[in-house]
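Asks: Take a look at this one; I'll ask things after.
2 protein chains.
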Amino acid sequence: MRHYRIPDETVKRLPVYLRGAVLLLKDGKKSLSSGELAGFIGASPAQIRKDFSYFGAFGTRGVGYDTPKLIKQISKILKLNKRHKAVLVGIGNLGTAIMVYTGFSIYGFSIEAAFDNDAKKIGKKINGITIEDIAKLRTIRAKKIQIAILAVTSGQAQRVAESLVNNGIKGILNFSPCRLEVPKNIKVISIDIALDMARLPYYMPKT
Amino acid sequence: MRHYRIPDETVKRLPVYLRGAVLLLKDGKKSLSSGELAGFIGASPAQIRKDFSYFGAFGTRGVGYDTPKLIKQISKILKLNKRHKAVLVGIGNLGTAIMVYTGFSIYGFSIEAAFDNDAKKIGKKINGITIEDIAKLRTIRAKKIQIAILAVTSGQAQRVAESLVNNGIKGILNFSPCRLEVPKNIKVISIDIALDMARLPYYMPKT
DNA sequence: AAGCTTTTGTGAATGAGAACACAAGGTTAA
DNA sequence: TTAACCTTGTGTTCTCATTCACAAAAGCTT
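Residue numbers (numbering that gives the first Met the number 0), protein chains in the order written: chain A, 0 to 206; chain B, 0 to 206.
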């Protein structure tokens, strides 16, 4: 294995492989081949092997991959082998849904703080977390939180993002329908629900 | 302009261009150049022109694009020039958030029906829509609803998806963390929040 | 109306990612 | 131990997308 630049598309697929491997292990599969994994998640075996090859040799020729070992390897690449604290900003409908969403925890994420600017919400408790005034955002630094989930309106998003970055946040999962301008060492991943919805009709038949 | 196959990446960008044009028009820009739009949304002017060129000539050389006309053109390509009825299945936390989300309506989507299998939720009214028993899903056919938003658990997703397809749904916006197997004339766009979150740590600095 | 400026539209060149195809390495069975 | 059989890892090829670069077309100025 030589050192290539790792395609971003490969990184996007790694969590898919990880989830697939976890589910198959739960199903009793102690070992799996690229073909089995590919069939399960809907990909091509060659793609999976190529993706893995960027990070080294994971499997055994003639046999396949040891499932628990594979899970460990991918987790390590994605840095999911340690827990990650996250802060949630914007406790509207979407924010509340995210707060009680359990899907994050299996990857080792835990929401440790929540902020809003609405006086009616501040002080309320959801899932054991008390909603704080966004003016007190700076407390996240002492808590060593590096990941933020942003679920505020698009008008507030840029300002809040800057504030997050100023308080030590290194990665943002952005649900606001807008572009965030941040220093280039900060990673932003945006989920824009309306944007995805908007292209659905394009693919649908005429009538 | 010759007839090429239209790249999927281009289709993904069209809603971004559309939103950008709408916002700039609201800002008073009656006319805009590919450079202005590119700067606003964070893309390259060449990319924008190339994307448009797949669908014909939209602009005027030396001048740029007439904003309202551009909006109309893109809307037509994306089939957003007519209203689209949608059904929401799964009224959990995420489903409720989607139900009250206003971002869809600007593209002409309206949620016309909502279903759940939880007796405690059936009959409740959210945003003027009464939650119905999922056993009565077949009523969506008479209402001519072709788009579904799926926000059920991953265990139920496949079964519900099949039921939706059997009742006339042509496109699904899927929030469940799983792959859906549907006939290939049905379009599925999946939003998998945990999957996006899971690759955030990868990009973050060591410590 | 001629020349200068602006910006589009698009072939051509470049770059990136996916698929192919097969050698290398390992297992199983006789 | 040898032969038959798997499945990985990866160089090569092919396909698709992005960027480049410039002619064509329109407005503006004198």
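Where is the CB? At the ideal position from N, CA and C, for every residue including glycine.
What residues in its chain sit with their C-beta under 8 Å from that of Leu23 of chain A, if we drop five residues either side in the sequence?
Replies: Correct list, in chain order: Leu31, Glu35, Leu36, Phe39 and Thr66.
Asks: Taking a cut of 8 Å between CB atoms, which residues from the region 129-147 of chain A lie near chain B?
Replies: Cβ contacts with chain B: Gln145 and Ile146.
Asks: What do you reckon, are the CB atoms on Ala42 of chain A and Val15 of chain A nearer than 9 Å?
Replies: Cβ distance < 9 Å, so Ala42 of chain A and Val15 of chain A count as in contact.
Asks: Using the Cβ count rule (16 or more neighbours within 10 Å means buried), how would you classify Thr95 of chain B?
Replies: So Thr95 of chain B counts as buried.
Asks: Taking 9 Å as the CB-CB cut-off, is Val10 of chain B touching chain A?
Replies: Judged by the 9 Å Cβ criterion, Val10 of chain B is in contact with chain A.
Asks: Run through the DSSP bridge pairs and tell me what Thr66 of chain A is partnered with.
Replies: Its beta-bridge partners do not exist; DSSP assigns none.
Asks: Using a Cβ cut-off of 8 Å, pull out every chain A residue sitting near Arg82 of chain B, in sequence order please.
Replies: In chain order: nothing, as chain A lies at least about 10 Å away.
Asks: Using CA atoms only, rank isn't needed, just tell me which of A:Ser74, A:Tyr202, A:Tyr201 and A:Leu172 is closest to Asp191 of chain B.
Replies: The option with the nearest alpha carbon to Asp191 of chain B is A:Leu172.
Asks: Use the C-beta contact count for Ser104 of chain B: other C-beta atoms within 10 angstroms, 16 or more gives buried, fewer gives exposed.
Replies: The residue is exposed, with fewer than 16 neighbouring Cβ atoms inside 10 Å.
Asks: Where does Leu87 of chain A sit, in a helix, a strand or coil, going by DSSP?
Replies: Leu87 of chain A: strand per DSSP, three-state reduction.
Asks: So, does the CB of Gly89 of chain B fall closer than 9 Å to a CB anywhere in chain A?
Replies: False, the Cβ-Cβ gap to chain A never drops below 9 Å.
Asks: In its own chain, which residues sit with a C-beta less than 8 Å from the C-beta of Lys135 of chain A, not counting the 5 before and 5 after it?
Replies: Hits under 8 Å: Phe114.
Asks: Applying the criterion that 16 or more other CB atoms from any shown protein chain within 10 Å of the CB defines a buried residue, is Ser109 of chain B buried or exposed?
Replies: Exposed, by the Cβ-count rule.
Asks: In chain order, which continuous runs of the alpha helix (DSSP H) of length 4 or greater are located wholly inside the region 102-147 of chain A?
Replies: Those alpha helix (DSSP H) runs which fall completely within the region 102-147 of chain A and span 4+ residues are 138-141.
Asks: Helix, strand or coil for Ile21 of chain B? Go by DSSP, reduced to three states.
Replies: One detail in the question is off: residue 21 of chain B reads as Val in this sequence, not Ile. It is helical.
Asks: Whose CA, out of B:Phe57, B:Asp195 and B:Val88, lies closest to the CA of Gln157 of chain B?
Replies: Per the Cα distances, B:Val88.
Asks: DSSP on Thr152 of chain B, reduced to helix/strand/coil?
Replies: Coil, per DSSP.
Asks: How should Asp26 of chain B be labelled, buried or exposed, when 16 other C-beta atoms within 10 angstroms of its C-beta is the threshold for buried?
Replies: Answer is exposed; the Cβ neighbour count stays below 16.
Asks: Would the region 131-145 of chain A count as touching the region 45-58 of chain A if we require 3 or more Cβ pairs under 8 Å?
Replies: Result no; under three Cβ-Cβ pairs closer than 8 Å.
Asks: Spell out the partners DSSP gives Ser30 of chain B in its beta bridges.
Replies: Partner(s): B:Asp65.
Asks: For chain B, is any of its Cβ atoms less than 9 Å away from the one on Ile47 of chain A?
Replies: With 9 Å as the cut-off, Ile47 of chain A does not count as an interface residue toward chain B.
Asks: For Val99 of chain A, which residues in chain B fall below 8 Å Cβ to Cβ?
Replies: Correct list: Asn92.
Asks: With a cut-off of 8 Å on the beta carbons, I'd call Val99 of chain B and Asn92 of chain A a contact; round off their distance for me.
Replies: Val99 of chain B to Asn92 of chain A, Cβ: 5 Å. Contact.
Asks: Can you tell me where the alpha helix (DSSP H) with Lys186 of chain B in it begins and where it stops?
Replies: Looking at the DSSP string, Lys186 of chain B is not in any alpha helix (DSSP H); the run it does join, the beta strand (DSSP E), is Lys186 to Ser189.
Asks: When the cut-off is 9 Å and only beta carbons count, does Phe108 of chain A lie next to chain B?
Replies: For Phe108 of chain A, the answer is yes, since a Cβ of chain B falls inside 9 Å of its Cβ.
Asks: Please classify Val62 of chain B as buried or exposed, where buried requires at least 16 other C-beta atoms within 10 Å of its C-beta.
Replies: So Val62 of chain B ends up on the exposed side.
Asks: Between the C-alpha atoms of Asp132 of chain B and Asp7 of chain B, what's the straight-line distance to the nearest angstrom?
Replies: Answer to the nearest angstrom: the Cα atoms are 36 Å apart.
Asks: Would you call the CB atoms of Ile130 of chain A and Ile97 of chain A closer than 9 Å?
Replies: The answer is no: Cβ separation not under 9 Å.
Asks: Which of the three DSSP states, helix, strand or coil, is assigned to Leu36 of chain A?
Replies: Note: Leu36 of chain A maps to helix in three-state DSSP.
Asks: Counting only the same chain and skipping the five closest in sequence on each side, list residues whose C-beta sits under 7 Å from that of Lys142 of chain B.
Replies: If we look at Lys142 of chain B and ignore the five residues flanking it on each side, its Cβ neighbours are Lys84, Glu111 and Ala112.
Asks: Cβ of Ile103 of chain B less than 9 Å from any chain A Cβ?
Replies: At residue 103 of chain B the sequence reads Phe, which differs from the Ile that was named. Yes, its Cβ sits closer than 9 Å to a Cβ of chain A.
Asks: Under a CB-based cut-off of 9 Å, is Tyr201 of chain A close to chain B?
Replies: Yes, its Cβ sits closer than 9 Å to a Cβ of chain B.
Asks: Any C-beta of chain B within less than 9 Å: which residues of the region 24-53 of chain A qualify?
Replies: If the cut-off is 9 Å between Cβ atoms, the region 24-53 of chain A has Phe39, Ile40 and Gly41 near chain B.
Asks: Would you mind sorting Gly19 of chain B into buried or exposed? The rule is 16 or more other CB atoms within 10 Å of its CB.
Replies: Flag for Gly19 of chain B reads buried.
Asks: Under a CB-based cut-off of 9 Å, is Asn165 of chain B close to chain A?
Replies: So, not an interface residue.
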